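Visitor: Before anything else, here's the structure in question.
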Amino acid sequence: MPQGKPAVVPDDGLTTRQRRNRPLLIVHTGPGKGKSTAAFGMALRAWNQGWPVGVFQFVKSAKWRIGEERALKVLGESGEGGSVTWHKMGEGWSWIQRPGTEEDHAADAREGWEQIKRDLAAETYRFYVLDEFTYPLKWGWLELDDVLDALAERPGNQHVVITGRDAPERLIEVADLVTEMGKVRHPMDAGQKGQKGIEW
Numbered sequence: 002m003p004q005g006k007p008a009v010v011p012d013d014g015l016t017t018r019q020r021r022n023r024p025l026l027i028v029h030t031g032p033g034k035g036k037s038t039a040a041f042g043m044a045l046r047a048w049n050q051g052w053p054v055g056v057f058q059f060v061k062s063a064k065w066r067i068g069e070e071r072a073l074k075v076l077g078e079s080g081e082g083g084s085v086t087w088h089k090m091g092e093g094w095s096w097i098q099r100p101g102t103e104e105d106h107a108a109d110a111r112e113g114w115e116q117i118k119r120d121l122a123a124e125t126y127r128f129y130v131l132d133e134f135t136y137p138l139k140w141g142w143l144e145l146d147d148v149l150d151a152l153a154e155r156p157g158n159q160h161v162v163i164t165g166r167d168a169p170e171r172l173i174e175v176a177d178l179v180t181e182m183g184k185v186r187h188p189m190d191a192g193q194k195g196q197k198g199i200e201w
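Just so we're aligned, residue 2 is where the sequence shown starts under the numbering used here, counting upward by one.
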């Protein structure tokens with residue numbers, strides 16, 4: 002796409018402006034680092050446009066204090082761009098052992114998804130980040146058909162970014178923009194744990 006020009010212009014009856022402004026479903030997946038970071042970068046752009054931003058974080062623990070959360074909340078309260086609302090779904094269900102049963106975590110994921118469906122129907126936000134949302138799908142905690150239907154039927158001009166490894170193939174097929182983060186090398190491969198300013 003040299004100079005931002007599309008290689009193909011579909012014969013879909015839309016004007017250039019209509020096609021340019023249609024809502025997007027975006028997926029950041031793959032084994033590499035940076036999926037959530039890229040989504041939060043897009044949330045900054047949405048905030049700058051004055052759009053209400055809703056972040057729904059599904060796997061990382063509710064106790065983790067990540068830098069993007071603090072930055073986006075401060076920006077959302079500044080009155081200069083859009084509002085920012087940050088939701089943490091339960092206590093988080095990472096590969097780190099957490100209290101509660103798998104069914105407890107699955108119930109929390111379902112409750113979080115029901116809230117997202119309500120927000121989509123009400124057009125609460127213009128930009129959604131569903132962070133680590135591929136995991137409840139992979140683990141069977143959410144019905145993929147229900148998710149795909151709700152995303153396809155969302156009204157208005159709501160952009161949705163979904164992050165996480167192992168995105169279901171059917172989600173990839175319906176998404177407008179899919180980026181796969183590849184891993185070439187990571188400090189954890191050499192036994193180094195995550196560090197401040199890099200992972201959070």
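The C-beta atom is built at its ideal place from N, Cα and C for all residues, glycine as well. None of the values given here were measured: they were computed from a predicted structure.
Can you tell me the Cβ-Cβ gap for Leu143 and Arg171, rounded? I've got them flagged as a contact below 8 Å.
Guide: The pair is not a contact, with the Cβ atoms about 13 Å apart (cut-off 8 Å).
Visitor: Which of the three DSSP states is assigned to Asp132 in this structure?
Guide: It is a strand residue.
Visitor: With a 10 Å radius around its C-beta and 16 neighbouring C-beta atoms as the bar for buried, classify Thr30 as buried or exposed.
Guide: Classification of Thr30: buried, given that the 10 Å Cβ count is 16 or more.
Visitor: Please determine if the region 189-200 and the region 73-83 are in contact, where contact requires at least 3 C-beta pairs separated by less than 8 Å.
Guide: As far as the Cβ criterion goes, the region 189-200 does not touch the region 73-83, which means the pair count is below three.
Visitor: Where does Gly141 land, buried or exposed, given buried means 16+ other C-beta within 10 angstroms?
Guide: Exposed, since its Cβ has fewer than 16 Cβ neighbours within 10 Å.
Visitor: Is the region 131-140 touching the region 155-170 in the sense that three or more CB pairs, one from each, lie closer than 8 Å?
Guide: Yes, the region 155-170 is in contact with the region 131-140.
Visitor: Expressed to the nearest angstrom, what Euclidean distance is found between the alpha-carbon atoms of Leu152 and Lys89?
Guide: If I take the Cα positions, the gap works out to 20 Å.
Visitor: Starting from Trp87, follow its DSSP beta bridges and name the residues at the other end.
Guide: The partner list for Trp87 (beta bridge, DSSP) reads Val56.
Visitor: Take Tyr129 and list the residues in its own chain whose beta-carbon comes closer than 6 Å to its own, dropping the five residues that flank it on each side.
Guide: If we look at Tyr129 and ignore the five residues flanking it on each side, its Cβ neighbours are Gly55, Val161.
Visitor: Considering just the uninterrupted stretch of the beta strand (DSSP E) at Ile163, what are its terminal residues?
Guide: From DSSP, the beta strand (DSSP E) with Ile163 extends over 160-164.
Visitor: Could you say which of Phe59, Leu131, Gly51, Arg23 lies nearest to Glu78 if we only look at CA atoms?
Guide: Of Phe59, Leu131, Gly51, Arg23, the residue nearest in Cα terms is Gly51.
Visitor: Phe59 and Gly113 - do their beta-carbons sit closer together than 8 Å?
Guide: Cβ atoms of Gly113 and Phe59: closer than 8 Å.
Visitor: Bridge partners for Leu178 per DSSP, in chain order?
Guide: Bridge partners of Leu178: Ile27.
Visitor: Let me confirm a value: Gly82 is counted as buried when at least 16 other C-beta atoms fall within 10 Å, else exposed. Which label applies?
Guide: With 16 or more other Cβ atoms within 10 Å, it is buried.
Visitor: Quick one: grab the DSSP three-state call for Gly5.
Guide: It is helical.
Visitor: Measuring only the C-alpha atoms, how far is Lys197 from Gly68?
Guide: Spanning the two alpha carbons is a distance of roughly 9 Å.
Visitor: If we count the other Cβ atoms within 10 Å of its Cβ and call it buried at 16 or more, is Val10 buried or exposed?
Guide: The residue is exposed, with fewer than 16 neighbouring Cβ atoms inside 10 Å.
Visitor: Here's the rule: buried if 16 or more other CB atoms are within 10 angstroms of the residue's CB, otherwise exposed. What is Val175?
Guide: Its Cβ having fewer than 16 others within 10 Å, Val175 is exposed.
Visitor: Among Asp12, Leu15, Ala8, Val28, which has the Cα closest to the Cα of Glu212?
Guide: Here the chain covers residues 2 to 201 and nothing more, so residue 212 does not appear.
Visitor: Give me the Cα-Cα distance between Ala231 and Glu115, rounded to the nearest whole angstrom.
Guide: The chain is shown from 2 up to 201; residue 231 falls before or after that span and cannot be answered.
Visitor: Among residues of its own chain, excluding the 5 on either side of Ala8, which ones have a beta-carbon nearer than 6 Å to its beta-carbon?
Guide: There are no such residues.
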